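Following our numbering, the numbering of the sequence shown begins with 568 at its first residue and continues without gaps. From the three backbone atoms N, C-alpha and C, an ideal C-beta is built for every residue, glycine too. This one's a predicted model, so the numbers in the text were calculated from it and none came from an experiment. To start, the structure under review is shown below, and the notes come after it.
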Amino acid sequence: MPTKTKKQEVLQEEPPVSTADSIYIKGARVHNLKNVNVSIPRNKLIVVTGVSGSGKSSLTMNTLYAEGQRRYAESLSSYARQFLMRMNKPDVDYIKGICPAIAIEQKVVTRTPRSTVGSMTELYDYLRLLFARIGKTYSPVSGQLVKKHEVADVVDAIVKLKAGTKILIVVPFLRHAKRDVKEELNILMQKGFSRLYAAAKDGPGSLLRIEELLEEKKPVLGENTYVLIDRLVAKDFEEDDKHRIADSIQTAFYESEGHVHLELDGKQWLHFSNRFELDGIQFEEPVPNLFSFNNPYGACPTCEGFGQVLGIDKDLVIPDKRLSVYEGAIAPWRGEKMGEYKEALIKASRKFGFPIHKPVSELTDEQVELLWTGNEHFYGINEFFKMVEQNLYKVQYRVLQSRYRGRTTCPTCNGARLRQEALYIKIGGKNIADLVDIPVSDLNEWFTNLELNDYDQKVGKRILLEVHHRLKTLLDVGLSYLTLNRLANSLSGGESQRIQLTRSLGSNLTNSLYILDEPSIGLHARDTARLINVLKELRDLGNTVVVVEHDDLMMEEADHIIDMGPLASHLGGQVIFAGNYQEILKDPNSLTGKYLSGEMRIDPPKQVRKWKRSIKVEGARQHNLKNVTAEFPLGIFTVVSGVSGSGKTTLVKQILYPALMKLKGEFTEKVGRHKALTGDLDSITAIEMVDQNPIGKSSRSNPVTYIKAYDEIRDLFARQPMSKMRGFQPKHFSFNVDGGRCDTCKGEGEVIVEMQFLADVHLTCESCGGRRFKEEVLEVTYKGKNIYDVLELGVDEAIDFFKDEKDVVSRIKPLSDVGLGYVKLGQSSDTLSGGEAQRVKLASFLGKGKAQGSILFIFDEPTTGLHFHDIKKLLASFNALIEQGHSILVIEHNLDVIRSADWVLDMGPEGGEGGGNLLYAGVPEGLKKVKESYTGKYL
């Protein structure tokens, strides 16, 4: 600790650490922070941890990042600031030593179907530039390289000729539609040309003087007539001669709109063109926009760059691939009238050996293609739908067509999103669509082995450097299995965050503050180590890296740990510990330290539950799944584990969930490719996907309304004597409808004043003093508290307060059971973290009890944002749901959750192409013995 100077003794406010080597926050009071003072060392890897809701995000995102961003915005002109997000000044005394801040959050950043992994990492922009600068165009007809000749190419050809060769430089005689021959000749005379050249089929041609032709009444010229530009004899040309030749060639190109011919000794002809064409096709010059599917110049005209169009959906035409053609697999060909098409195929199938009794799922790709295209013996499905289209004036055909329409791959570009001309341009034998279709690991290998000539090497050097750098980072953060054309909106939160990390690393910034919100989400323990190396690389560039994280491996590797707590919400918001890993293990006040040192831990269950019923997914082949058959037990706690990209999400969220929803007649997304779904399907009454999305979009939504407890509380207040005297009904105690709520602020409790280029000002409403209700409504009390006071109570306090009201307590109790006892009843849902939102949803199901039948709950990484202590509570609520007769299926990497499961399905062994197999299914104990399983090793 540096000694205090005189100046510091006078100014007691000065930070205790010099700002040269740390960022000092004084008096942070955002959300639940209790006037926090904290020092964050610069150019280090800092982990901020603590239980869910303890104030980690409030300190990092809402204070540190918000201030860094705001200071940057303040440096711009007032004109520019009005177009930016208006930023509030965080509630903090001051922050010293802050640097420019970059936040990388878990949110899936984009929902647009135009955004891909390639465009998010900026890799696609570099590929576009690379193809525009060194790509070679090949003709689709002959497969030959398309070249455009420059003046220098023609001069070089002339200089190389044998001395004494007689050369004529000629260009085709062009005739315009509205001018006759005489007019054309006159124009040539005015331009200074004096001769034409009439080529002969065999042997030398003859020269014609334009003056003499003009004297004729109607000059007649043959087909092969050229304008003579220049005549010369090949020799050892001087520099001046070369200039003269170049001028002549330049003139020739200009006059002929791009075509120049050389006749040598009256025998041989050489043709040059400065137009980009071959085989009668005019090709496009490669420019970066030609490869952009977000630009009208490069996008495929049919699908406008989306890669998909509204057409006949193959999955609707052949919905059940277990059936054969004979059994009616082709849905529109069932029934009497349209059945004729099926009969025709069955009768003709002998002639070309088509297996009509084989299930469609077992046919080869060629055989399936044949069903669509047809041949001379039968009409294919495409022809059938063309017939339907021609009859759309009849209502039954319109109904038939609408039944089979859906999103399908664009027939023009085959999903490549670009116009055809862009795909003629190749590097190393591949066009840009081929490159974005292969996984990052293979793409990296392709670029490593790419051989270029010296010119291309020099031009592409800088671009290739950027490409290699970004591909390496994608591999380091464990995303080797993604392809660059994978849609951004199909990524998980963790994948999306690590892609943003790739982009930030690519920019090589220094002296910046990076704030990451749980980058290890969705990462297997194997990949976390690689991610830590990436973060250290970022730190070693001279940046301060602050990570909000619960991963013990990350804490072990960190330079500095800040533990928030002691508990959550109003019971948290303090810095419990700041120091290194060794020190936190010995700290008696830190909950995190106790779990890390093993003093507290999550114990696996004493015995695993047995199961009788199950659901089976057979022959799953979506994405990288290799014909997987997986059995999901019911009535117990099942976990699907495996490294990132091994196929867990595909199996559960893209096949099992939509297939079950479809069976229940619910609206759902497209079901992934699989053979069949079998098992005890009737024993489940509903399927619930519990994710971490916010519980409500409006600022008025809150936990108590979500779990339907507010109805009971409003009824209770409406029953009070004063309410009856004044005629108040339950609706008067709601801030969502007019009546009892304050008319000025519409029940928000605050009024927002817009400030064009400054942050909006939030003022407490003057009419109600921020209490959201009218004065006469607030005069109604229960046990001395009015409706506003009740909404300010924490859940645990409310349970105590309402102990005489069984209905209210039974509604609120589940919130306490899932570990949300600290949340205020009326807390706005937009201040809840992702983990808290997920547990509010969980509580709403716990509150419904057994009345709702048997539900299958699917959780995708429920431990996101959860501290060891919260995971313990989460597992307790899972057990409570199972006790009520429900089933729980969880996709998870957290080893404590895997140990606590009754049954584990482990996917792997690798991500991407190297994954997609079911390695193990059984009790967690047995997984340790599976050699190829990474999960087993870490268990």
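CB-CB length for residue i against residue j, believed under 8 Å
| i | j | result |
| --- | --- | --- |
| A989 | I1005 | Contact flag wrong, Cβ pair sits at about 18 Å. |
| L1462 | M1474 | At roughly 16 Å, the Cβ-Cβ gap does not stay under 8 Å, so L1462 and M1474 are not in contact. |
| I665 | E641 | So it is not a contact: roughly 12 Å between Cβ atoms. |
| L912 | V884 | That pair is no contact at about 14 Å. |
| V1114 | P1086 | 7 Å |
| I1251 | I1422 | 7 Å |
| E1428 | G1089 | 6 Å |
| T1235 | K1229 | 6 Å |
| L1134 | T1111 | With 8 Å as the limit, L1134 and T1111 do not qualify as a contact, their Cβ atoms being about 28 Å apart. |
| K1440 | V1376 | About 19 Å; that fails the 8 Å criterion. |
| H1127 | K611 | 5 Å |
| H1091 | S1211 | 6 Å |
| G1503 | K1495 | 5 Å |
Cut-off 8 Å between Cβ atoms - residues of its own chain near residue i, not counting five sequence neighbours on either side
| i | result |
| --- | --- |
| Q817 | V718 |
| L1038 | L690, V1007, L1010, N1011, F1014 |
| D1363 | S1383, G1388, Y1389 |
| T1216 | S1059, D1427, I1458 |
| F760 | I777, V794, L795, I796 |
Sequence-distant residues of the same chain with beta carbon closer than 6 Å to residue i, five excluded per side
| i | result |
| --- | --- |
| T572 | In this prediction, T572 scores a pLDDT of 43, lower than 50, which makes its location untrustworthy; the coordinate-derived value is nonetheless stated afterwards. Nothing listed; no residue qualifies. |
| F952 | I879 |
| L845 | S706, V713 |
| I523 | Residue 523 cannot be examined here, being either before or after the span of the chain that is shown, 568 to 1506. |
| P1171 | R1466, S1467 |
| K733 | V800, D832 |
Test item: CB-CB of residue i and residue j under 8 Å
| i | j | result |
| --- | --- | --- |
| G1263 | Y1277 | no |
| E1480 | N1191 | yes |
| S682 | P739 | no |
| L600 | G1140 | yes |
| T616 | T1159 | yes |
| E1534 | F1412 | With the chain covering only 568 through 1506, there is no way to say anything about residue 1534. |
| A1326 | K623 | no |
| A699 | L857 | yes |
| L1360 | L1392 | yes |
| Q1394 | P1270 | yes |
| G1246 | K1183 | yes |
| F1424 | V1206 | no |
| S1467 | I1169 | yes |
| E1315 | S1266 | yes |
| R986 | P926 | no |
| V794 | V737 | yes |
Selection from the options that minimises the alpha carbon distance to residue i
| i | options | result |
| --- | --- | --- |
| D1043 | E1450, D808, T1069, E956 | T1069 |
| A1488 | E950, S1467, L1472 | L1472 |
| R1180 | G1202, E1477, G1160, L1399 | G1202 |
| N907 | E1450, V1184, G947, S644 | The question names Asn, but residue 907 in the sequence shown is Glu. When only C-alpha atoms are compared, the closest one is G947. |
| D1280 | F1324, C1332, V1357, H1329 | In the sequence as presented, Asp is not what sits at residue 1280; that position holds Ile. Minimum Cα distance to I1280 is reached at V1357. |
| I1455 | E943, I848, R1176 | R1176 |
| R1029 | A898, Q1405, Y1349, L697 | L697 |
| L626 | S1136, M1292, F850, E751 | S1136 |
| Y639 | P667, V955, L728, K802 | P667 |
| G1073 | K1496, L612, Y693, Q636 | Y693 |
| N1156 | D769, D1130, D588, K914 | D1130 |
| D1084 | F1445, G1061, G872 | G1061 |
| C867 | T976, V659, R762 | T976 |
| K1350 | Q1259, P1288, Y764, A1092 | P1288 |
| Y1224 | Y1505, K1352, A1253 | A1253 |
| Q1451 | T1430, Q1419, G1432 | Q1419 |
Neighbourhood of residue i by C-beta distance below 7 Å, restricted to the same chain and skipping five residues each side
| i | result |
| --- | --- |
| G1414 | I1274, R1378, P1381 |
| D882 | K1237 |
| P1200 | W1178, S1181, W1470 |
| S1290 | F1284, V1347 |
| D887 | A896 |
| V721 | I816, V827, F839 |
| E580 | Residue confidence is low: E580 scores 43 on pLDDT, short of 50, so the model does not pin down where it sits. Its coordinate-derived value is still stated next. None. |
| G620 | A1135, S1136, G1139, Y1389, S1400, E1403 |
Looking at C-beta atoms only, is the number of pairs between the region 851-870 and the region 933-946 that lie closer than 8 Å three or more? no
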